[in-house]
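Protein chains in written order, with this note's numbering: chain A, 1 to 237; chain B, 1 to 237. Idealized CB from N, CA, C, for every residue including glycine.
2 protein chains.
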Amino acid sequence: MFSLVSMSSTDGASTPTRDRIRDAAVLRFARSGFGTSVRTIAADAGVSPALVIHHFGSKDALHRECDEHVLAGIVESKRQNMGRATDGQLLQVLAESDEHAPLLGYVMRSLQAGGDVARAFVQHMVDDARVYTREAVADGIARPSVDEDARARYLVLSSLGTLSLALTLHPPEDAEDLGATLRTFMAEHYLPMIEMFAQGFLTSRRMLDDYLLYLSDPPADGEPDDAPATETPSEEP
Amino acid sequence: MFSLVSMSSTDGASTPTRDRIRDAAVLRFARSGFGTSVRTIAADAGVSPALVIHHFGSKDALHRECDEHVLAGIVESKRQNMGRATDGQLLQVLAESDEHAPLLGYVMRSLQAGGDVARAFVQHMVDDARVYTREAVADGIARPSVDEDARARYLVLSSLGTLSLALTLHPPEDAEDLGATLRTFMAEHYLPMIEMFAQGFLTSRRMLDDYLLYLSDPPADGEPDDAPATETPSEEP
DNA sequence: CGGGAGGCTGAACACGTGTTTAGTCTGGTG
DNA sequence: CACCAGACTAAACACGTGTTCAGCCTCCCG
């Protein structure tokens with residue numbers, strides 16, 4: 001009646017074949033997206049399509065279980081590499097690892113598709129970013145922010161969003177080698193990124209101060225046309 | 001033999017019904033993504049599925065024609081609003097316009113799906129950003145960059161990527177009202193964004209200078225482990 | 001040894017898709 | 001008027017999908 005070993009999260013005990021199917025699914029989903037057919041996954045695992053459904057109940061259930069498995073793997077990786085790298089470098093480290101690269105690929109797919117893994121992964125990185133920025137500020141390396149939480153969110157969203165969009169616009173010919181892909185991306189964008197981090201974009205704080213002033217004042221939401229920035233010179237969307 | 005009025009780009013003369021189908025398709029694609037079925041689009045246009053194929057040949061051809069139409073619309077919008085807004089504000093202006101909002105929605109979908117419209121749209125914005133940043137630098141408003149082109153690319157990719165990812169993670173309940181969606185996004189991210197623009201993140205230029213030095217030196221690609229940033233405190237991926 | 005539970009499969013089913021086909025209607029031209 | 005090109009449709013087709021069904025084979029327990 002009751003399963004003695006409550007293996008993973010939802011249900012589904014761990015069987016060699018079952019695990020093989022799940023692993024094949026994670027790999028396939030990462031490589032070809034979540035539109036991949038059950039038949040393809042079954043072929044990858046060397047198994048009949050019916051067996052996939054037999055073990056997981058449905059394709060959606062398989063998808064969910066892949067999500068959980070990948071998320072658990074990410075958490076585990078973070079624990080393993082704790083201290084070795086700080087967040088940003090985390091991606092590099094994971095991408096180079098043969099074991100964990102597929103997980104990262106899966107996460108990148110999820111970032112494009114949305115859903116719980118994506119949100120959870122981003123939340124993890126935001127939490128980490130909060131810690132790291134706090135330390136950096138305390139060490140005098142980073143400037144303090146008016147809203148540290150918002151900044152942590154923005155930093156993560158901006159980094160991952162830039163990467164995701166760049167990958168979508170120019171998909172690497174070898175999607176397997178995430179490490180190489182990341183290096184290519186960095187080769188093109190590291191300079192402007194670090195430039196922005198080191199010296200910003202504007203020469204004066206005026207726009208920032210104006211906005212802070214605007215925030216402290218009653219924004220008076222009666223008028224529809226009360227945009228805070230009228231003379232912005234640049235491209236924040 | 002020859003069509004006297006070479007209407008649009010590829011072929012396909014302009015017929016009321018044809019245009020209605022195309023417009024319905026653009027709207028549907030923007031609202032529900034490119035996986036939408038021909039039958040749905042046909043229903044939206046009040047027409048039989050067969051007629052859609054009769055006019056466009058195939059769903060892919062319809063998709064391509066929507067791409068061209070949207071891109072032309074964007075260019076036209078930019079021409080209309082020339083001077084009214086500078087790039088960043090462009091999105092706001094377009095999103096508020098009842099006529100052009102669907103086009104923007106379509107573009108956002110394309111940014112997630114990749115493809116030519118996405119690349120073309122980004123390229124347009126990059127070209128604009130180059131001009132605007134150049135002016136801003138000349139006016140002493142913006143700091144100069146070591147690589148202005150790379151910075152323009154990064155600024156656009158970063159802005160659009162952040163927006164796209166934010167929308168993917170937290171889809172607005174009313175996807176129709178792009179203006180409200182954009183305002184919500186800005187309300188959350190404008191502060192950290194402008195903070196970054198105004199004062200950067202780091203307190204010193206050291207990491208930047210180190211990287212510039214690293215760039216000028218022979219990078220010596222024999223060694224696999226030659227990451228430029230070893231003691232970075234933060235979250236560039 | 002007997003037998004049943006469960007991993008596993010090939011074939012089929014139900015359904016949604018893009019597309020085709022045959023045919024109807026209608027407006028303009030000889 | 002005759003007629004024909006073209007807009008338009010209902011029905012069907014071919015196909016890929018997720019899923020189910022009936023049955024096989026094997027291992028384990030009584």
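Exercise. What separation, rounded to the nearest whole angstrom, lies between the Cα atoms of B:D60 and A:D139?
Worked result: 56 angstroms
Exercise. Less than 8 angstroms between the CB of B:P16 and some heavy atom of the ligand HEM, yes or no?
Worked result: This structure lacks the ligand HEM, and indeed carries no ligand of any kind.
Exercise. Buried or exposed: A:V117, going by 16 or more other Cβ atoms within 10 Å of its Cβ?
Worked result: buried
Problem set entry | Nearest neighbour of A:T162, chosen from A:D174, A:E188, A:R151 and A:A142 [CA to CA] | A:E188
Exercise. So which residues of chain B does A:H189 contact, with C-beta pairs closer than 9 angstroms?
Worked result: A150, R153, Y154, L157, S158 and E236
Exercise. With C-beta atoms as the reference, is A:A25 less than 9 angstroms away from A:D44?
Worked result: yes
For this session: Have a look at B:Q89 and A:R20 and give me their C-alpha separation to the nearest angstrom.
Result: 50 angstroms
For this session: Please state if the CB of A:V156 and the CB of A:A129 are separated by a distance shorter than 9 angstroms.
Result: yes
Problem set entry | 9 angstroms Cβ cutoff met for A:F185 and A:L167 | yes
Exercise. Going by beta carbon distance, what residues of the same chain come within less than 6 angstroms of A:P237, once the five residues before and after it are set aside?
Worked result: Residue confidence for A:P237 is low, a pLDDT of 45 falling below 50, so the modelled location carries little weight; the figure read from the coordinates is stated next. For A:P237, where only same-chain residues beyond five positions count, there are no Cβ hits under 6 angstroms.
Exercise. Who are the neighbours of B:I74 on chain A, taking C-beta pairs under 8 angstroms?
Worked result: Simply none; closest approach about 14 angstroms.
Exercise. By how many angstroms is the C-alpha of B:R119 removed from the C-alpha of A:E173?
Worked result: 17 angstroms
Exercise. Should B:D147 be flagged as near chain A, meaning a C-beta pair shorter than 9 angstroms?
Worked result: yes
Exercise. How about A:L208 and B:A198: are their beta carbons less than 9 angstroms apart?
Worked result: yes
Exercise. List, in order along the chain, the chain B residues whose C-beta lies closer than 8 angstroms to that of A:E195?
Worked result: S145, V146, R151 and L208
Exercise. Does B:L169 get closer than 9 angstroms to chain A when you measure Cβ to Cβ?
Worked result: yes
For this session: Return yes when the Cβ of A:L165 is within less than 9 angstroms of the Cβ of B:L169, no when it is not.
Result: no
For this session: Would you tell me roughly how many angstroms separate the C-alpha atoms of B:R183 and B:N81, rounded to the nearest one?
Result: 19 angstroms
For this session: Answer yes or no: do B:E195 and A:S145 have a C-beta to C-beta separation smaller than 9 angstroms?
Result: yes
Problem set entry | Cβ shell of B:G33 (< 7 angstroms), same chain only, five flanking positions each side left out | R109
For this session: Using a Cβ cut-off of 9 angstroms, pull out every chain A residue sitting near B:R22, in sequence order please.
Result: Within 9 angstroms Cβ-Cβ: nothing; B:R22 doesn't reach chain A, min ~25 angstroms.
Exercise. Of all Cβ atoms in chain A, is any one closer than 9 angstroms to the Cβ of B:S164?
Worked result: yes
For this session: Determine, using beta carbons only, whether A:V80 comes closer than 9 angstroms to chain B.
Result: For clarity, residue 80 of chain A is Gln in the given sequence; the question names Val instead. Closer than 9 angstroms: no.
For this session: Look up B:A142 in the DSSP assignment and give the residues it is bridged to.
Result: A:L202
Exercise. Which residues in the same chain as B:T36 place their Cβ atom closer than 7 angstroms to its Cβ, once the five residues preceding and following it in sequence are excluded?
Worked result: R28 and F29
For this session: Drop a sphere of 10 angstroms on the beta-carbon of A:S158, count the other beta-carbons inside from all chains shown, and report buried for 16 or more, exposed for fewer.
Result: buried
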